[in-house]
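Below you'll find the structure, written out as structure tokens, and then a few comments.
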């Protein structure tokens with residue numbers, strides 16, 4: 371992770387945000403937190419990025435991902451970079467969702 375991002379994540383207010391997200395245990399709690407913290411557009415943008423990550427992980431071509439999701443080429447490229455990067459957030463969530471789907 372780059373030093374600027376590490377510095378951002380270590381700020382006390384961001385740490386409180388991380389703790390708040392971790393405190394949500396049910397779907398209803400997560401939904402309530404998202405509605406209170408984010409605009410409708412921000413929620414849609416995050417959902418779109420996750421859809422992009424899923425499609426890229428399935429091996430779909432960039433152009434098809436853009437067409438289906440409506441994401442810009444910049445967003446698709448950025449998601450791909452993080453999906454295959456060393457931080458692992460997208461990888462973790464996709465693996466978790468895939469494991470849940472198999473149960």
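Residue numbers (the numbering used here): 371 to 473. For glycine and all other residues, C-beta sits at the position ideal for the given N, C-alpha and C. These numbers were taken from a predicted model, which means no experiment stands behind them.
- Query: Distance, Cα to Cα, residue 444 vs residue 417?
  - Reply: The sequence position of residue 444 within the chain shown is 74, counting from 1. The sequence position of residue 417 within the chain shown is 47, counting from 1. Distance from the CA of residue 444 to the CA of residue 417, rounded to the nearest whole angstrom, comes to 16 Å.
- Distance, Cα to Cα, residue 435 vs residue 450? What you label residue 435 is simply residue 65 of the chain shown in a count that begins at 1. What you label residue 450 is simply residue 80 of the chain shown in a count that begins at 1. Looking at the two C-alpha atoms, the distance is approximately 11 Å.
- Compare the C-alpha of residue 441 against each of 456, 420 and 461 and name the closest. If you number the chain shown from 1, residue 441 lands on position 71. Check the Cα spacing between residue 441 and each of 456, 420 and 461: the tightest is with 420.
- With burial defined as no fewer than 16 other Cβ atoms inside 10 Å of the residue's Cβ, what is the status of residue 446: buried or exposed? As a working note, residue 446 is residue 76 in the chain shown. Buried: at least 16 other Cβ atoms inside 10 Å.
- Message: Any beta carbon from chain B within less than 8 Å of residue 412's own beta carbon?
- Response: Among the chains of the structure shown, chain B does not appear; only one protein chain is present.
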